[in-house]
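Numbering-wise, the sequence shown is residues 3 to 757 according to the working numbering. The next block holds one structure in the form of structure tokens; read it before the comments.
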Amino acid sequence: MILNSFVTVYQVNIGRLAVTDSEAAAASASNARLEEIIYLDAYTAEARIKWNGNNASSYEIYRLNADGTRTLIMETPNTAYYIPNLVRNDDQADVTVEVVPVNANGVRGESSRFTIDWLYENGDTEKLSDVTVPVNICPLAEVTGYSAQNDGEPAWKAIDGTSENGSKWCATNARSGWMTIKLDQPRTIKRIRIEHAEYGGEAQDMNTIAFSVQYKSGNNWVTVYSTNSNSSDVTDELITPVTAQEWRLYISNSGSSAWGAIRIYEWQMFETTERNRTDIVLMKFASAKNNKGASDTFSLTNAPTGSTVRLYLRDANGNYTQIASKEAQSSTVSFTGLDYGSDAGRVFYTVQEGKQEESIKLSTAFDAEPGAVKYSINVVQPANGSVAASATSATAGTTVKLTATPAEGYTLDYFTLDGERINGDTFIMPARNVEVSAVFTANAYSITVVQPANGTVSASATSATAGTTIELTATPAEGYTLDYFTLDGERINGHTFSMPARNVEVSAVFTANAYSITVVQPAGGTVTASKLSAFFGEAVELTAVPDEGYELSHYVVNGAANNGGTFTMPARDVIVTAVFTKVAEPSVNLALNATIYYSNKKYPDYAKNGPQHAFDGKMSDLEADKWHASGINGWVAFDIHTPVANPILKIYHAGSAGENSNLNTSSWDVYILNERYLTEEAYFNMDRSTQNRVCQIAWFWKRIHVTTGNTADISVDHIDMPEARRLFKINMRKTNQTGYPYYLNVYEIEMYAGN
């Protein structure tokens, strides 16, 4: 490492990042237990739990549900945990908690469970979770102006939705002032709430005395609420509904304290008339006693002074009747002279403070009057499950709870009391001995058919009870065969299965069929296929090689003509062949007596050996009826007088006249004028000397055909040239195949109109 000399402060960190083979010890948890529980209502509690742990880096805490699933409550590295909101599901009588240890490698170990014998049943209270809180819409607003504010206590804190931690708008030394807000949109306001200094824990004489709440109409502020004599910590008032977007809180007297200042902890506005419900007083602070006659009692401690406590009884239909109410002069409120009746039951209570709504109804139990008669409860065990009652005997009016445990594959349908169906899992004990039981029904589990690729599947039913035989049917797509059926992703043997006690998914696997390809060789050429077997839908390529003098007419696939070089494999074996036809001989030689413009060879006797002999239609004289010269690359430019497209070039070589075939021309090239530089019309309008020069300059010409390796005595070339031309240049590049001194021996050059 090299450091510049002027660097005086630096730090170097050296470490290692690696993946090692170390294994963490197995984790375990044991002796999970409840330390303390506080019931908030019949469905919710706060709980403190502990357990013993070993080798765990963390512990997952779960609540077990009735269907066997788990709900994660929290994960903690400690061996104790406070659960602030432990919920009992409506379909469970008790709550089971499971602690699962997790080691350093994330592997879960042996868990520990315990069950809380829940003290309350459904209906013993209303639900805290059902309580709706009115929505304060001021946090949706922006502050548009204010008379004054402290740096750390700005006006916007009056509409931030909380008064905790001293959150307030404060303007020191201000006896009067104002702030304005603009809502996100015009809203209809029905209730206002102002939290003053005392609500935030300050002195009562700091409460705002005189203020008004106003809305803007045009350019004017209109008052919807005003007071000059407030002393309370909270102002909570219903107003005549007003729809507006801009609002002002105007303070004309901020309080009587010598420490004058505006102190507004919260300015809240609501679009509904409902107020917050009063906080509950826990059920552990309530007690009731059922005495002889109308001398029953109720007591509630920790009640807010000045609040109203109300008592209710509930009938068998769930209707409540208020039986008493009293204002709390102190934290303990006692009622006497009540009459609960002779039977055991529950008395419900609420608490209400100021202008808030009543709290939810909680309850406490009372026993039957002394000397009350108890009646027997006989449990008759049904088929496909078991039943238990919360008591073996009870006085009339007592609430008895029934619990059912279905056998695997069954579900509780209903409980019975003396053979009659009852609603729910509780009943009020009548003044007689009773029999209780239950009816269980077999679960019908769903059968979901997952349609696979390359076919369809159906099942004999969409749902079935455990043990039912289900039949599966498969319809393969064309070119496919059923391989096997699946049940929940696993292969099954055959096409039936016995329904398990769960929902299932069924499907199938289809495999593609391979079909054979037989090639029948025809006359006039050969045919090959790119493969000898193929799956349905695959592309198969055919290749045809015509014999000399033949050309491909078409392919034949299973007796049907195919004009392309490929076919798509059907779902069956195929036979392929081809039809070749003789190449029709062209009838008119357009090159006969062609005009020679120029050739590059020097001839001792041009009249005897020049290129004109290749266009005279004669081949009888081996010495005089051929184009003959020494060397290679002999070329000639010639005009056939009639424009032709896609011409057929036919050349008669040495062997065609009876000479040694080794003297046949091996390679040649065919050219036409490159009309980017010179058109045929322009060429024919030139003088002869200029035409000769053009013939010798290569870039005026465009090569359109190449033949190499010829051995035939008579060669036939089909030249791909869609544009019609009459002026050609042919270069005999390699004039024989002997390996000896080269001689050009071309008896005739013919050209015919092509297709």
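The beta-carbon is built from N, C-alpha and C at its ideal position, and this holds for glycine as well.
DSSP-derived helix/strand/coil call for residue i
| i | result |
| --- | --- |
| Thr-407 | strand |
| Ala-44 | coil |
| Tyr-744 | coil |
| Thr-667 | coil |
| Thr-692 | helix |
| Phe-272 | strand |
| Trp-158 | helix |
| His-497 | coil |
| Tyr-685 | helix |
| Asp-132 | helix |
| Met-3 | Confidence at Met-3 is low in this model, with a pLDDT of 38, below 50, so its placement is unreliable and no value can be given for it. |
| Ser-169 | coil |
| Ala-616 | helix |
| Ser-184 | The question names Ser, yet the displayed sequence has Lys at residue 184. DSSP places Lys-184 in strand when its eight states are reduced to three. |
| Ser-658 | helix |
| Met-753 | strand |
| Lys-286 | helix |
| Phe-730 | strand |
| Gln-698 | helix |
| Gln-354 | strand |
| Tyr-679 | coil |
| Val-718 | strand |
| Gly-373 | coil |
Close-in-space but distant-in-sequence residues of the same chain around residue i (CB under 6 Å, 5 per side omitted)
| i | result |
| --- | --- |
| Tyr-342 | Asn-292, Asp-298 and Phe-368 |
| Ile-494 | Phe-487 |
| Ala-433 | Ala-398 |
| Ser-717 | Ile-653 |
| Thr-528 | Val-547 |
| Glu-410 | Ala-503 |
Cβ shell of residue i (< 7 Å), same chain only, five flanking positions each side left out
| i | result |
| --- | --- |
| Val-585 | Gly-551, Tyr-552 and Glu-553 |
| Ile-519 | Ala-531, Lys-533, Leu-534, Ser-535, Ala-536, Val-542, Val-576 and Val-578 |
| Leu-240 | Lys-192, Arg-193 and Thr-275 |
| Asn-67 | Thr-73 and Asn-91 |
| Glu-682 | Leu-675, Arg-727, Arg-728 and Leu-729 |
| Asp-119 | Asp-96 |
| Trp-269 | Cys-140, Ala-160, Ile-161, Ile-196 and Leu-251 |
| Ser-259 | Ala-205, Asp-207 and Met-208 |
| Glu-37 | Arg-50, Ile-51 and Lys-52 |
Under 8 Å between C-beta atoms of residue i and residue j
| i | j | result |
| --- | --- | --- |
| Thr-579 | Pro-524 | yes |
| Asp-43 | Ile-362 | yes |
| Glu-437 | Asn-380 | yes |
| Ser-333 | Thr-303 | yes |
| Gly-457 | Thr-477 | yes |
| Tyr-557 | Asn-515 | no |
| Ala-157 | Gln-151 | yes |
| Ser-344 | Ala-370 | yes |
| Pro-103 | Gly-55 | yes |
| Phe-350 | Leu-364 | yes |
| Ala-593 | Ile-642 | yes |
| Tyr-377 | Ala-396 | yes |
| Thr-498 | Thr-467 | no |
| Arg-705 | Tyr-679 | no |
| Pro-613 | Trp-629 | yes |
| Thr-366 | Met-431 | no |
| Phe-116 | Arg-50 | no |
Inter-residue CB distance, residue i and residue j (contact presumed, cutoff 8 Å)
| i | j | result |
| --- | --- | --- |
| Ala-659 | Tyr-749 | 5 Å |
| Thr-545 | Thr-568 | Between Thr-568 and Thr-545 the Cβ distance is about 10 Å, and since that is not below 8 Å, they are no contact. |
| Asp-235 | Arg-277 | Wrong, their Cβ atoms sit about 15 Å apart, outside the cutoff. |
| Tyr-754 | Asn-591 | 6 Å |
| Thr-713 | Asn-666 | 6 Å |
| Asn-664 | Asn-602 | In fact, because the Cβ distance is near 24 Å, the residues do not count as touching under 8 Å. |
| Ile-211 | Asn-175 | Not a contact, Cβ separation roughly 16 Å. |
Beta-carbon proximity list for residue i, same chain, < 8 Å, skipping 5 on both sides
| i | result |
| --- | --- |
| Val-506 | Tyr-447, Ser-448, Ile-449, Thr-450, Leu-489 and Asp-490 |
| Asp-23 | Reliability fails at Asp-23, whose pLDDT of 48 lies under 50, so the model's placement of it is uncertain and the value that follows must be treated cautiously. For Asp-23, where only same-chain residues beyond five positions count, there are no Cβ hits under 8 Å. |
Closer than 7 Å: residue i CB and nearest the ligand MN heavy atom
| i | result |
| --- | --- |
| Glu-625 | Among the components of this structure there are no ligands whatsoever, and the ligand MN is therefore not found. |
Requested in this report: Please list the segments of the alpha helix (DSSP H) lying wholly inside the segment 397-477, counting only runs of 4 or more residues, in order along the chain.
Outcome: none
Query raised in the report: At what residue ranges does the segment 190-270 contain a whole run of the beta strand (DSSP E), taking only runs of 3 or more?
Result: 212-219, 222-229, 236-255 and 263-266
Requested in this report: Please specify which runs of the beta strand (DSSP E), each continuous and at least 3 residues long, are wholly inside the segment 101-150, giving them in chain order.
Outcome: 114-118 and 144-148
Report task. Please go through the segment 290-347 and give each complete beta strand (DSSP E) segment of 3 or more residues, from N-terminal end onward. Result -> 298-302, 310-316, 322-329 and 335-340
Report task. Note down, one range per segment and in chain order, each alpha helix (DSSP H) of at least 4 residues found wholly within the segment 562-641. Result -> Annotation note: the segment 562-641 contains the following uninterrupted alpha helix (DSSP H) runs of length 4 or greater, listed N- to C-terminal: 608-611.
Query - Whole runs of the beta strand (DSSP E) within the segment 55-85, excluding any shorter than 3 residues - result: 60-66 and 72-78
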